[in-house]
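Colleague: Residue numbers (this note's numbering), protein chains in the order written: chain A, 213 to 423; chain B, 213 to 423.
So that we are looking at the same thing, I have put the structure below in structure tokens.
2 protein chains.
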Amino acid sequence: MASPAADDYLKTVYSHTEWQDEAITPSVLAAKLGVAPSSVTEMVKKLAASGLVSHVPYGAVRLTAAGEARALAMVRRHRLIETWLVSEFGYGWDEVHDEAEVLEHTISDRLLGKIDERLGHPRFDPHGDAIPDAGGHIDREAFVLLGAAPAAHEGRVLRVSDRDPVLLRVLDELGLAVGRTVRVEAGARVVLDGRSVELPAAAGDAVWLTA
Amino acid sequence: MASPAADDYLKTVYSHTEWQDEAITPSVLAAKLGVAPSSVTEMVKKLAASGLVSHVPYGAVRLTAAGEARALAMVRRHRLIETWLVSEFGYGWDEVHDEAEVLEHTISDRLLGKIDERLGHPRFDPHGDAIPDAGGHIDREAFVLLGAAPAAHEGRVLRVSDRDPVLLRVLDELGLAVGRTVRVEAGARVVLDGRSVELPAAAGDAVWLTA
DNA sequence: ACAGATATTTCGGTGTGCCTAAAAATGCCC
DNA sequence: GGGCATTTTTAGGCACACCGAAATATCTGT
Numbered sequence: 213m214a215s216p217a218a219d220d221y222l223k224t225v226y227s228h229t230e231w232q233d234e235a236i237t238p239s240v241l242a243a244k245l246g247v248a249p250s251s252v253t254e255m256v257k258k259l260a261a262s263g264l265v266s267h268v269p270y271g272a273v274r275l276t277a278a279g280e281a282r283a284l285a286m287v288r289r290h291r292l293i294e295t296w297l298v299s300e301f302g303y304g305w306d307e308v309h310d311e312a313e314v315l316e317h318t319i320s321d322r323l324l325g326k327i328d329e330r331l332g333h334p335r336f337d338p339h340g341d342a343i344p345d346a347g348g349h350i351d352r353e354a355f356v357l358l359g360a361a362p363a364a365h366e367g368r369v370l371r372v373s374d375r376d377p378v379l380l381r382v383l384d385e386l387g388l389a390v391g392r393t394v395r396v397e398a399g400a401r402v403v404l405d406g407r408s409v410e411l412p413a414a415a416g417d418a419v420w421l422t423a
Numbered sequence: 213m214a215s216p217a218a219d220d221y222l223k224t225v226y227s228h229t230e231w232q233d234e235a236i237t238p239s240v241l242a243a244k245l246g247v248a249p250s251s252v253t254e255m256v257k258k259l260a261a262s263g264l265v266s267h268v269p270y271g272a273v274r275l276t277a278a279g280e281a282r283a284l285a286m287v288r289r290h291r292l293i294e295t296w297l298v299s300e301f302g303y304g305w306d307e308v309h310d311e312a313e314v315l316e317h318t319i320s321d322r323l324l325g326k327i328d329e330r331l332g333h334p335r336f337d338p339h340g341d342a343i344p345d346a347g348g349h350i351d352r353e354a355f356v357l358l359g360a361a362p363a364a365h366e367g368r369v370l371r372v373s374d375r376d377p378v379l380l381r382v383l384d385e386l387g388l389a390v391g392r393t394v395r396v397e398a399g400a401r402v403v404l405d406g407r408s409v410e411l412p413a414a415a416g417d418a419v420w421l422t423a
């Protein structure tokens, strides 16, 4: 049970719990992968048989230690490749996803290692997401969603969801980028560079801050 | 009918007639691709139905114009990627083949274009093989096999087959490399750098000279 | 020219990953 | 706590690219 398809399942299960705790259900997995629910049932059964996920019928899907290791390897590949495309080929950070999605399955470990070396072993990708090292270790910092942060909370922007490109552009124009420090005033109003700025409401669940 | 597998068939058919005129037979195609002859029959049937190759039952396989265009695109991808791996990642020319074999199917046109640009639109790969341009045009120079060249023929080494790594090493030690000019004395004896050298007999059908 | 060797095709089958439609289990709401 | 909607699984199938075995065509040598 080692295939590009299997790796995509593992990676997707992993990503779902990276910024939130609920385990992923088959239907959500199907939606994220763009396949029919029945396809998920089938693949999950195989992954469970190989000890990569745990799954009781009609229940959620969780990675085992072995599955997580594989998922982290894929996440590493994906994020390293994205970083590389941006920094060496001038891709926009919003243009790298599809290319990385394909290359992550086909670049050899050797080439990946050379890319990693050339980039100086980066620990974060252009979206601010942490890149696991070759051993699968990943930086994890305590975080809060902007929308869930108490008033007056001050934190560094850890991550901005890449789900909505329009929102991303707006945030960019407002000067909100990964690494910036902001103080929450109320709701989506924050202090950034000393200026008080009203962010789009959607930013509430798209921006993660250090806790 | 567009798939990695189909592209591999087309590329292999193309390569077979690049330095020699006999059209490829199904069994040779099967051997080069490492698949069973029956698989070739099947795939060739599909390629013929799509107008990419011409084939009469029990006969040889030939590319149509459309098939050749596709084959040239694959050859371009393969050779550009090989060149890139050698010149930017320090791969040995004997180590690039497998990686290129995979990446040629998965790198986007856009990334390929950037690689091409970065390399300065190279026209030859590290083995001396010509790289077709984006339009499928390829440098073709009249050539003779060393073993078929008349005595006193003088020509530039156009290409050395990469089939036999041992032979390659020996030729390298004798100073015979792509680009060198040699004069044929008799059989495998040639003048190289003013010195008369006896090449291994196998060089007769592994070294191509300008006509 | 014909027998035997060789090459090619046909035939039935495999594994992977996907699908739709139908059946079964679960969860929720009154 | 029972009925209905939702979720998940089962069942049957499809396309792709491959395989081995058997049948058939072509080639070769005497």
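Just so you know, even glycine gets a beta-carbon here, dropped at the ideal spot from N, CA and C.
1. What residue range is occupied by the uninterrupted alpha helix (DSSP H) comprising Val287 of chain B?
2. State the Cα-Cα distance for the pair His349 of chain A and Leu388 of chain A, rounded to the nearest angstrom.
3. What are the residues of the segment 310–334 of chain A that lie near chain B, defined by any Cβ-Cβ distance shorter than 9 angstroms?
4. From His365 of chain A to Arg335 of chain A, what distance separates their C-alpha atoms?
5. Using only the heavy atoms of the ligand ADP, determine whether one of them is closer than 7 angstroms to the beta carbon of Val402 of chain B.
6. For my contact list, Val409 of chain A and Val402 of chain A are in at a C-beta cut-off of 8 angstroms; report their separation, rounded to the angstrom.
7. At the 8 angstroms Cβ level, is Phe355 of chain B part of the contact set with chain A, yes or no?
8. Need the endpoints of the beta strand (DSSP E) that Ser215 of chain B sits in, please.
9. Across which residues does DSSP place Thr393 of chain A in a beta bridge pair?
10. Is it right to say Tyr270 of chain B is buried, meaning 16 or more other beta carbons lie within 10 angstroms of its own, or is it exposed?
11. Name the DSSP bridge partner or partners of Leu421 of chain A?
12. From Arg395 of chain A to Leu404 of chain A, what does the alpha carbon distance come to, in whole angstroms?
13. Counting only Cβ pairs nearer than 7 angstroms, list the residues of chain A close to Phe301 of chain B.
14. For the beta strand (DSSP E) that Val403 of chain A lies in, which residues bound it at each end?
15. Could you pull out every unbroken alpha helix (DSSP H) segment of at least 4 residues lying fully inside the segment 298–339 of chain B, listed in chain order?
16. Using the Cβ count rule (16 or more neighbours within 10 Å means buried), how would you classify Gly352 of chain A?
17. Could you say which of A:Asp220, A:Pro344, A:Val314, A:Gly416 lies nearest to Ala243 of chain A if we only look at CA atoms?
18. Under a Cβ-count criterion, where at least 16 other Cβ atoms within 10 Å of its own Cβ denotes burial, should Gly391 of chain A be classed as buried or exposed?
19. Should Gly304 of chain A be labelled buried (16 or more other beta-carbon atoms within 10 Å of its own) or exposed?
20. Taking the beta carbon of Arg407 of chain A as the centre, do at least 16 other beta carbons fall within 10 Å, making it buried, or is it exposed?
21. Would you decide whether Asp341 of chain A is buried or exposed? Buried here means 16 or more other CB atoms lie within 10 Å of its CB.
22. Could you tell me the distance, in whole angstroms, from the CA atom of Ala272 of chain A to the CA atom of Arg289 of chain B?
23. Measure the Cβ-Cβ separation of Leu284 of chain B and Leu324 of chain B and say whether it is below 8 angstroms.
24. Run through the segment 237–267 of chain B for me and flag every whole beta strand (DSSP E) of 3 or more residues, listed as ranges in chain order.
25. Assign Thr393 of chain B to one of two classes, buried (16 or more other C-beta atoms within 10 Å of its C-beta) or exposed (fewer than that).
Modeller: Concretely, from the data shown:
1. In the second sequence, residue 287 of chain B corresponds to position 75, counting from 1. Unbroken alpha helix (DSSP H) run through Val287 of chain B: 277–301.
2. Here the question's residue 349 of chain A lines up with position 137 in the first sequence. Here the question's residue 388 of chain A lines up with position 176 in the first sequence. Rounded to the nearest angstrom, the two C-alpha atoms are 28 angstroms apart.
3. Answer in chain order: Asp310, Glu311, Val314, Leu315, His317, Thr318, Ile319, Ser320, Arg322, Leu323, Lys326, Ile327, Arg330.
4. Numbered from 1 along the first sequence, position 153 holds the residue referred to as residue 365 of chain A. Numbered from 1 along the first sequence, position 123 holds the residue referred to as residue 335 of chain A. Those two C-alpha atoms are separated by around 26 angstroms.
5. With respect to the ligand ADP, the structure offers nothing, as it holds no ligand at all.
6. Along the first sequence, one-based indexing puts residue 409 of chain A at 197. Along the first sequence, one-based indexing puts residue 402 of chain A at 190. With a Cβ gap of about 6 angstroms, Val409 of chain A and Val402 of chain A count as contacting.
7. Taking the second sequence and counting its residues from 1, the one referred to as residue 355 of chain B is at position 143. Using a Cβ-Cβ cut-off of 8 angstroms, Phe355 of chain B does not count as an interface residue toward chain A, since no Cβ of chain A sits closer than that to its own.
8. Position 3 of the second sequence, counted from the start, is the residue given in the question as residue 215 of chain B. No beta strand (DSSP E) holds Ser215 of chain B; DSSP gives it neither H nor E.
9. Translated into the one-based positions of the first sequence, residue 393 of chain A becomes position 181. DSSP lists A:Arg368 as partners of Thr393 of chain A.
10. By one-based count along the second sequence, residue 270 of chain B stands at place 58. Tyr270 of chain B is exposed by the Cβ-count criterion.
11. On the first sequence, residue 421 of chain A is found 209 positions in, with the first residue counted as 1. For Leu421 of chain A, which the question treats as bridged, DSSP gives the partners A:Val356, A:Val369.
12. Residue 395 of chain A sits at position 183 when you count from the first residue of the first sequence. Residue 404 of chain A sits at position 192 when you count from the first residue of the first sequence. Using only the alpha carbons, I get a separation of about 7 angstroms.
13. Locating residue 301 of chain B in the second sequence gives position 89, where the first residue counts as 1. Listed along the chain, the chain A residues whose CB falls inside 7 angstroms of the CB of Phe301 of chain B are Leu323, Lys326.
14. Taking the first sequence and counting its residues from 1, the one referred to as residue 403 of chain A is at position 191. Val403 of chain A -> beta strand (DSSP E) spans 401–404.
15. Listed in chain order, the complete alpha helix (DSSP H) runs (minimum 4 residues) inside the segment 298–339 of chain B are 309–315, 321–330.
16. Within the first sequence, residue 352 of chain A is the residue found at index 140, counting from 1. Sequence check: residue 352 of chain A is Arg here, not Gly. Looking at its Cβ environment, which holds fewer than 16 other Cβ atoms inside 10 Å, Arg352 of chain A is exposed.
17. What you label residue 243 of chain A is simply residue 31 of the first sequence in a count that begins at 1. Looking at the Cα atoms, A:Asp220 is the closest of the given residues.
18. As a position in the first sequence, residue 391 of chain A is number 179, starting the count at 1. Classification for Gly391 of chain A: exposed.
19. The sequence position of residue 304 of chain A within the first sequence is 92, counting from 1. With fewer than 16 other beta carbons inside 10 angstroms of its own, Gly304 of chain A counts as exposed.
20. By one-based count along the first sequence, residue 407 of chain A stands at place 195. With fewer than 16 other Cβ atoms from the protein chains shown falling within 10 Å of its own Cβ, Arg407 of chain A counts as exposed.
21. For the purposes of this step, residue 341 of chain A is identified with residue 129 of the first sequence, where counting begins at 1. Buried.
22. As a first step, residue 272 of chain A is located in the first sequence; it is residue number 60 there, counting from the start. As a first step, residue 289 of chain B is located in the second sequence; it is residue number 77 there, counting from the start. Computed Cα separation, rounded: 43 angstroms.
23. Looking up residue 284 of chain B in the second sequence gives position 72. Looking up residue 324 of chain B in the second sequence gives position 112. Not closer than 8 angstroms, so no.
24. Uninterrupted beta strand (DSSP E) stretches at least 3 residues long and entirely within the segment 237–267 of chain B occur at 265–267, given in chain order.
25. The residue given as residue 393 of chain B occupies position 181 in the second sequence. So Thr393 of chain B counts as exposed.
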